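First up is the structure itself, then whatever we jot down about it.
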Amino acid sequence: MQVGLSISSCVRRCIGISFRRFSLFKPHCELVGRRCLHISAQHRAINWIVLNDDGYQSPHSAFYIVLPNVPDENPQNNVLLESLEYNSDWPPISSGLPDEFYQGTVKYILEMSATLAEHVDFLEEELKQKDALFTFDKVLSPLLKDEGNGYFALSSVQLKMLTDWPECSLTDWKKDFEAIEKLLVNEMSDRAQHQIIVDSVRRIPESELAKIGPWQRRLVELLKLEWDMIGLQPDPRNNNFHAKEQNWTKGLLHEARTHGKRYLTSLLLDPRYANVQVMIKDRNQLKYVPPKILKKLSVGNDPEKGPWKASTDDSSMFDLLKYSNAREQKKELWDSWIARSSFASNDHLFNNSLTIEELRSIYERLSQHIGFRSTAHHQLSTKMIGNPETLRDFIAGLYHRLRPVLIERYGQWCKYAEKEEGIETFGQLRTSDLFYICRREAEHFHGVDTLDLMNHFPVWPTFEKILTVIQFVLGIEFKEILDDSLERCHPSVRIYEVTDKTTNEYLGRFYLDAFARDGKVDKGWIANIWRLKDENKGLDKLVWLVGNIKEEDELLHYEELEDLLENVRIFSNFGTAASGGVISVLLTFHYSSLFYMGCSIEEVYKLF
Numbered sequence: 001m002q003v004g005l006s007i008s009s010c011v012r013r014c015i016g017i018s019f020r021r022f023s024l025f026k027p028h029c030e031l032v033g034r035r036c037l038h039i040s041a042q043h044r045a046i047n048w049i050v051l052n053d054d055g056y057q058s059p060h061s062a063f064y065i066v067l068p069n070v071p072d073e074n075p076q077n078n079v080l081l082e083s084l085e086y087n088s089d090w091p092p093i094s095s096g097l098p099d100e101f102y103q104g105t106v107k108y109i110l111e112m113s114a115t116l117a118e119h120v121d122f123l124e125e126e127l128k129q130k131d132a133l134f135t136f137d138k139v140l141s142p143l144l145k146d147e148g149n150g151y152f153a154l155s156s157v158q159l160k161m162l163t164d165w166p167e168c169s170l171t172d173w174k175k176d177f178e179a180i181e182k183l184l185v186n187e188m189s190d191r192a193q194h195q196i197i198v199d200s201v202r203r204i205p206e207s208e209l210a211k212i213g214p215w216q217r218r219l220v221e222l223l224k225l226e227w228d229m230i231g232l233q234p235d236p237r238n239n240n241f242h243a244k245e246q247n248w249t250k251g252l253l254h255e256a257r258t259h260g261k262r263y264l265t266s267l268l269l270d271p272r273y274a275n276v277q278v279m280i281k282d283r284n285q286l287k288y289v290p291p292k293i294l295k296k297l298s299v300g301n302d303p304e305k306g307p308w309k310a311s312t313d314d315s316s317m318f319d320l321l322k323y324s325n326a327r328e329q330k331k332e333l334w335d336s337w338i339a340r341s342s343f344a345s346n347d348h349l350f351n352n353s354l355t356i357e358e359l360r361s362i363y364e365r366l367s368q369h370i371g372f373r374s375t376a377h378h379q380l381s382t383k384m385i386g387n388p389e390t391l392r393d394f395i396a397g398l399y400h401r402l403r404p405v406l407i408e409r410y411g412q413w414c415k416y417a418e419k420e421e422g423i424e425t426f427g428q429l430r431t432s433d434l435f436y437i438c439r440r441e442a443e444h445f446h447g448v449d450t451l452d453l454m455n456h457f458p459v460w461p462t463f464e465k466i467l468t469v470i471q472f473v474l475g476i477e478f479k480e481i482l483d484d485s486l487e488r489c490h491p492s493v494r495i496y497e498v499t500d501k502t503t504n505e506y507l508g509r510f511y512l513d514a515f516a517r518d519g520k521v522d523k524g525w526i527a528n529i530w531r532l533k534d535e536n537k538g539l540d541k542l543v544w545l546v547g548n549i550k551e552e553d554e555l556l557h558y559e560e561l562e563d564l565l566e567n568v569r570i571f572s573n574f575g576t577a578a579s580g581g582v583i584s585v586l587l588t589f590h591y592s593s594l595f596y597m598g599c600s601i602e603e604v605y606k607l608f
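Per the UniProt record's numbering, the sequence shown starts with residue 1, numbered consecutively.
Now the structure itself:
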């Protein structure tokens, strides 16, 4: 029998609010130290069994209070917090130290919890008054203000980490960023599911919702849909039945999260299949591999001489599947990948079959408990397709149209494999061969050599022509800001002012850091919205794009160009909604598709 400490609701409430004010009442609060940012220090202080007022055990049967190492940062000693406090026109991206950016962001996110606690106290008093009027500005606007600054701080620290960060491994870099990202995500999640917020939003009358803007109404609709999805009842504190029902629902969600973590852990730690590595020593088996991927696979000093290694633990496995004709090594990797945490595992502890069945059972019970016929009806209730019947009709129609095409294409792949690659298929290709054969058959049919095609796409001229296309399609103009009034991480950084050609309206600024240097993390092309426009504060929209170009005449492979185009789509934020949709379609229609339509190299090059 478990021994628990029964706490009255009054005492629990006081303890909870007290700790929330200082962001200490969070069971998985990952914070950082100044020297080793990705290592968190958690101190277990108390282990309680929490009982509700009616004697039922809380779904969170045990928890402990974490005392985080709260950074001693404030606007007086931290330039990032100072810029947030005084609504600075431009972030201190150069004058601020990496430590200031990281610790300042952590401190601001923790202070968001204190703001939430104060706002919840205010709304709780309002809920006690029967004649109180609830509006969007009263309930959600104070929280959205903090969330906007929190996102701006996170985007700033991401840019700083990409362009000016102490030397560390890529794994440690990911841990640093994921820790602070998770902190903000958890804070936003806590806000969206707080019972006082739920009750307050449900009290906003339709007459008030009719007065607010479209995006505000859409936000309220999305929140209500999310609450219905997880079974949050309105004001369960005044209804014992609703309280028990909601506690039971929360218990199911807690079980689902626990089994979900177990599922992922098994995938990562399966001792038999988790980290399978293969070596390749024959350069001819990698003759179609792009130069950058060849360098990534190489474990020797010379990428051209090898040897080369691929593993199931990173993206090198899929690079090998797509570009190499080393069939046996690919088969070993693929078979290991699909066998992880299955019945093929020697240890039943890493077999996810029972975990998947538990998850299915939990979500089935949850769906039926909150009024849905099945998990499918539950999950599709918030999607555009609406219900399983519509989805089945759509899939059936798609199946009848695609099946003949796939059968015909599969036959062509088998013929190509036998004739050009010397593979005896006997009418059936290995799954591990399809990644390579599908791509090579298309290139062979259309006479395309992707390695030769790279010569037509030097990275910097290509990028400039992409900007030209964007300016033409969106009707905007990029004008480079040449003076030194705005901070930049390096002299090679370019900053552009963006205006509307038609109305001459100022739209914002664009920060471009495209070239490689010491202290810069090589993660390819990454773009993000730095800050949204805020007319009340007099702040404009900021967008940044970071690349890692070694030389201006460096050549782009089609996958690298596709990655660049995907990130450049963020420019659609400077245009209207309609033009944004157009640019998204145009930029994702990468040049390899043009060859499959019969375009020549000259026609493609003219586009860029």
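Positions of the beta carbon are idealized from the N, C-alpha and C atoms, including for glycine.
If you're wondering where the values come from, they're calculated on a predicted model, not measured in any experiment.
Figure out for me which residue from N567, T135, T450 has the closest Cα to the Cα of K211.
T135
Candidates L474, D319, L467, of which the one nearest Y436 by Cα:
D319
Tell me whether the beta-carbon of V299 lies closer than 8 Å to the beta-carbon of K309.
yes
Beta-carbon proximity of L486 to I495, cut-off 8 Å
yes
Please state whether DSSP places residue 627 in a helix, a strand or coil.
A query on residue 627 cannot be resolved here, the shown segment of the chain reaching from 1 to 608 and no further.
Report the residue from E357, N77, V289 whose alpha carbon sits nearest the alpha carbon of A326.
V289
Are the segment 538 to 549 and the segment 427 to 442 touching, with three or more C-beta to C-beta distances below 8 Å?
no
Which same chain residues end up closer than 8 Å to E364 when comparing Cβ atoms and leaving out the 5 residues on each side of it in sequence?
S374, T375
Separation of L127 from Q193, as counted between CA atoms
17 Å
If you draw a straight line from the C-alpha of V582 to the C-alpha of T468, how long is it?
Low local confidence applies: a pLDDT of 41 at V582 is under 50, so the model's placement there is unreliable, with the coordinate-based value given in what follows. Computed Cα separation, rounded: 15 Å.
Other residues of its chain near F426: CB distance less than 8 Å, five sequence neighbours each side excluded:
none
Assumed close pair N284, T312 - CB separation to whole angstroms, cut-off 8 Å:
The Cβ separation is near 24 Å, so there is no contact.
Would you mind sorting V585 into buried or exposed? The rule is 16 or more other CB atoms within 10 Å of its CB.
Its pLDDT being 41, under 50, V585 is placed unreliably in this model, and the coordinates cannot settle the point.
In angstroms with no decimal places, state the Cα-to-Cα distance between I395 and S381.
18 Å
Just mark A153 as buried or exposed, buried being the case when its beta carbon has 16 or more other beta carbons within 10 Å.
buried
Alpha carbon to alpha carbon, what distance is there between K479 and G547?
20 Å
The alpha helix (DSSP H) that contains R392, what's its start and end?
388 to 420
Status (buried if at least 16 other CB within 10 Å, exposed otherwise) for residue 621:
The first residue shown for the chain is 1 and the last is 608, placing residue 621 beyond what the model contains.
Could you check where the beta strand (DSSP E) with R203 kicks off and where it finishes?
Premise fails: R203 is in no beta strand (DSSP E) and is neither H nor E.
What's the C-alpha gap between E147 and E124?
21 Å
Using 10 angstroms around the beta-carbon of L431, count the other beta-carbons present and answer buried if the total reaches 16, otherwise exposed.
Position check: residue 431 holds Thr in this sequence, whereas Leu was assumed. Exposed.
Start and end residues, alpha helix (DSSP H) containing V568
558 to 568
Check the DSSP bridge columns for E497 and list the partner residues they point to.
K479, R509
Confirm, please, whether the CB-CB distance from L219 to N149 is below 8 Å.
no
Just list the residues that DSSP pairs P458 with in beta bridges.
L555
Verify whether the separation of the beta carbon atoms of L159 and I109 is less than 8 Å.
no
Compare the C-alpha of E562 against each of S169, V459, T503 and name the closest.
V459
From T249, S492, A339, pick the residue whose C-alpha is nearest to that of G371; which is it?
T249
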